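Asker: Here this note's numbering is used: the first residue of the sequence shown is 2, the next is one more, and so on. Heads up, the beta-carbon is just placed ideally off N, CA and C, and yes, glycines get one too. Bear in mind the structure is a predicted one, so any value in this text is a computation, not a measurement. Below you'll find the structure I mean.
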Amino acid sequence: MTIAPERPPLTKGTEPARPSVGERRRTTGGLRATDVYATLGAAAASLALTWLLFDRLLPFSGAVGFVLVAYALFLGLYALLVSFDEDGPAVRDRFASVVVRTAGIVLVAVLIFVVAFTLWEGRKALVHLNFFTEDMSLAGPLEPLDVGGVLHAVVGTLEQILIALTLTVPTGVLCAVFLNEVPGAFARLVRTIVEAMTALPSIVAGLFIYATIILALGVERSGLAASLALSVMMLPIIIRASDVVIRLVPGTLREASYAMGSSRWRTVWHVVLPTARSGLTTAVILGTARGVGETSPVLLTAGFTAELNALPTSGPQVSLPLATFELVKSPEPNMIARGFGTAAVLMLLVLFLFVVARIVGGRGPGRLTKRQEHRRVLASRRDAERMAGRAERMAGRAERMAGKVPAPAPVRRPTRSTP
Numbered sequence: 002m003t004i005a006p007e008r009p010p011l012t013k014g015t016e017p018a019r020p021s022v023g024e025r026r027r028t029t030g031g032l033r034a035t036d037v038y039a040t041l042g043a044a045a046a047s048l049a050l051t052w053l054l055f056d057r058l059l060p061f062s063g064a065v066g067f068v069l070v071a072y073a074l075f076l077g078l079y080a081l082l083v084s085f086d087e088d089g090p091a092v093r094d095r096f097a098s099v100v101v102r103t104a105g106i107v108l109v110a111v112l113i114f115v116v117a118f119t120l121w122e123g124r125k126a127l128v129h130l131n132f133f134t135e136d137m138s139l140a141g142p143l144e145p146l147d148v149g150g151v152l153h154a155v156v157g158t159l160e161q162i163l164i165a166l167t168l169t170v171p172t173g174v175l176c177a178v179f180l181n182e183v184p185g186a187f188a189r190l191v192r193t194i195v196e197a198m199t200a201l202p203s204i205v206a207g208l209f210i211y212a213t214i215i216l217a218l219g220v221e222r223s224g225l226a227a228s229l230a231l232s233v234m235m236l237p238i239i240i241r242a243s244d245v246v247i248r249l250v251p252g253t254l255r256e257a258s259y260a261m262g263s264s265r266w267r268t269v270w271h272v273v274l275p276t277a278r279s280g281l282t283t284a285v286i287l288g289t290a291r292g293v294g295e296t297s298p299v300l301l302t303a304g305f306t307a308e309l310n311a312l313p314t315s316g317p318q319v320s321l322p323l324a325t326f327e328l329v330k331s332p333e334p335n336m337i338a339r340g341f342g343t344a345a346v347l348m349l350l351v352l353f354l355f356v357v358a359r360i361v362g363g364r365g366p367g368r369l370t371k372r373q374e375h376r377r378v379l380a381s382r383r384d385a386e387r388m389a390g391r392a393e394r395m396a397g398r399a400e401r402m403a404g405k406v407p408a409p410a411p412v413r414r415p416t417r418s419t420p
């Protein structure tokens, strides 16, 4: 008979030793030192090998080809370096991560380059105050930059895009609600047509409004006709994006609203649309970005003018993209500087519209403004007072029914005596 050795007593703060596990814990997130070393090493090696191929071994030339070959070598070398420390799934994960991150870096770099290049080329025109307060009616091709501006184009762009938004935002959101709340064969047909119209060329939209509004109905070229052409371009984008956003609203919210006795359209107005407010704002932003940069529909339907026309219903009216297109075609350096300055003003205007849209509709579901919170507090106080009065009336009725308090005597109305 063998006696097992006694285990030493466990003291406070000590734990029994656990058996070691053979599998090593794998980190799925975060940035490690080996990733940084592999990235830097692959980048340096790819640049050196690309220079060797282009300058010494092969008759290659060109900056674009150099960048493409260096990037391909960078991906291959990075995968090779990671494979020394990781297994197959980890290598594929790191490879996909570096592809996504480098693509994002490239896109941001291109955006920064476009914005910086536009601002740099238009810097000579942007420093003059008259560039924002005057039109081009008195500025010829040889006039200096202290004469003329783009006020007429700014006014035209604002009026055209605001009219287009007034037409497309209610129509687009209502159509998206219809596609989600009234399913059926007709809804599928409408969704197919909307998806096909998202790829509609801008020149086709301009020709459609030109043929139907200007030629058939005899309406003159104006900012209103340009707004209708822009609406044709913006409406499919807003409908499609709004449709996708409304689909993402959880069905449990609708079911909870129906369980409380709300109708379908009351549920849409008070539950679905407030929940999808931020996504609907993004849909409006996408539609605005599509319409504010169009040139050919405005040229066909509104024409071109160098004078300020603040009345969108009559007379030609120019927009910022069209003014940029016309100015950069000139061989004069001052006109080209005005063109790049106009493009910079367009970017600033789009940024301003996006900020306003985010402020107006960018709140998340359930978040209220200060004014809405104040109204909610006042309504809660009124409800509390009404419920307290109702409780007092119910208590008085219960006491009267119990006989503790006599009921008030009925008031007798005087009767008229007959003669």
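Measure how close the beta-carbons of A284 and I239 come, nearest whole angstrom, since I'm counting them as under 8 angstroms.
Answerer: That belief holds up - the Cβ atoms of A284 and I239 are roughly 5 angstroms apart, short of 8 angstroms.
Asker: Please classify A217: is it buried, with 16 or more other beta-carbons within 10 angstroms of its beta-carbon, or exposed?
Answerer: That one is exposed.
Asker: Nearest to F132 by CA position, among V346, A403 and H375, is which residue?
Answerer: Comparing Cα-Cα distances from F132 to each of V346, A403 and H375, the minimum goes to V346.
Asker: In the structure shown, what three-state DSSP assignment does S98 receive?
Answerer: Three-state result, S98: helix.
Asker: What separation, rounded to the nearest whole angstrom, lies between the Cα atoms of R102 and L76?
Answerer: Approximately 12 angstroms, taken between the alpha carbons.
Asker: Any Cβ of chain C within less than 9 angstroms of the Cβ of L112?
Answerer: The structure shown contains no chain C, having only a single protein chain.
Asker: My parser needs the alpha helix (DSSP H) runs of 4 or more residues fully inside the region 109-185; what are they?
Answerer: List check, alpha helix (DSSP H) in window: 124-127, 131-134 and 152-182.
Asker: Check V319 in the structure and name its three-state DSSP category.
Answerer: Coil, per DSSP.
Asker: I need the boundaries of the alpha helix (DSSP H) containing M235, first residue and last residue.
Answerer: It spans G224 to R248 - the alpha helix (DSSP H) in which M235 sits, taken as one unbroken run.
Asker: Pick from T302, G280 and A230: whose alpha carbon is nearest that of L249?
Answerer: Ranking T302, G280 and A230 by Cα distance to L249 puts G280 first.
Asker: Assign Y38 to one of two classes, buried (16 or more other C-beta atoms within 10 Å of its C-beta) or exposed (fewer than that).
Answerer: Y38 should be labelled exposed.
Asker: Quick one: Cα of A71 to Cα of L54, how far?
Answerer: If you take the alpha carbons of A71 and L54, they lie about 10 angstroms apart.
Asker: In three-state DSSP terms, what is R376?
Answerer: Three-state DSSP puts R376 in a helix.
Asker: Quick one: what does DSSP say T480 is sitting in, helix, strand or coil?
Answerer: Outside the shown range of the chain (2 to 420) lies residue 480, about which nothing can therefore be said.
Asker: In angstroms with no decimal places, state the Cα-to-Cα distance between V178 and P251.
Answerer: In a straight line, the C-alpha of V178 is about 15 angstroms away from that of P251.
Asker: Given this structure, state the Cα-to-Cα distance separating E135 from L321, to the nearest angstrom.
Answerer: The straight-line gap from Cα to Cα measures roughly 14 angstroms.
Asker: Is the distance from the Cβ of I214 to the Cβ of P298 below 9 angstroms?
Answerer: No. Outside cutoff.
Asker: Check whether the region 254-272 touches the region 350-363, counting contact only when three or more Cβ pairs, one atom from each stretch, lie closer than 8 angstroms.
Answerer: In short, these stretches do not touch, since the Cβ pair count stays below three.
Asker: Which two residues bound the contiguous alpha helix (DSSP H) that contains V220?
Answerer: It is not in any alpha helix (DSSP H) - V220 carries neither H nor E in the DSSP assignment.
Asker: Roughly how many angstroms lie between the CA atoms of A311 and T40, to the nearest whole one?
Answerer: Whole-angstrom Cα-Cα distance: 56 angstroms.
Asker: Tell me whether the region 315-330 and the region 272-279 touch, counting them as touching only if at least three CB pairs, one residue from each stretch, are closer than 8 angstroms.
Answerer: In short, these stretches do not touch, since the Cβ pair count stays below three.
Asker: Going by other Cβ atoms of all chains shown within 10 Å of its Cβ, with 16 needed for buried, is G224 buried or exposed?
Answerer: Under this definition G224 is a buried residue.
Asker: Which residues in the same chain have their Cβ closer than 8 angstroms to the Cβ of V155, if we skip the five residues on either side of it in sequence?
Answerer: For V155, where only same-chain residues beyond five positions count, the Cβ hits under 8 angstroms are F133, L321, V346 and L350.
Asker: Taking 9 angstroms as the threshold (C-beta atoms), are R339 and V111 in contact?
Answerer: It is not a contact, given that the beta carbons lie outside the stated cut-off.
Asker: Is it the case that the Cβ atoms of S138 and E333 are separated by a distance below 9 angstroms?
Answerer: No, the Cβ-Cβ distance between S138 and E333 is not below 9 angstroms.
Asker: Expressed to the nearest angstrom, what Euclidean distance is found between the alpha-carbon atoms of G157 and D384?
Answerer: Looking at the two C-alpha atoms, the distance is approximately 49 angstroms.
Asker: What span of residues does the alpha helix (DSSP H) with F209 cover, start to end?
Answerer: Per DSSP, F209 belongs to the alpha helix (DSSP H) from S203 to I210.
Asker: Distance check for F341 and V128, CA to CA, integer angstroms please.
Answerer: Each residue's alpha carbon lies about 13 angstroms from the other.
Asker: For D88, is the classification buried or exposed, using 16 other Cβ atoms within 10 angstroms of its Cβ as the cut-off for buried?
Answerer: That one is exposed.
Asker: From A64 to L108, what distance separates their C-alpha atoms?
Answerer: Spanning the two alpha carbons is a distance of roughly 18 angstroms.
Asker: Using three-state DSSP, classify S381 as helix, strand or coil.
Answerer: In this structure, S381 counts as helix in the three-state DSSP scheme.
Asker: Determine the closest residue to R267 out of E182, I106 and R376, with distance taken between C-alpha atoms.
Answerer: The option with the nearest alpha carbon to R267 is E182.
Asker: Between M336, A403, R401 and R382, which has its C-alpha nearest E144's C-alpha?
Answerer: Closest option to E144, Cα to Cα, is M336.
Asker: Once the 5 residues before and after E196 are set aside, which same chain residues still bring their CB inside 7 angstroms of it?
Answerer: Excluding sequence neighbours, E196 sits near R241.
Asker: By DSSP, does E87 sit in helix, in strand, or in coil?
Answerer: It is coil, neither helix nor strand.
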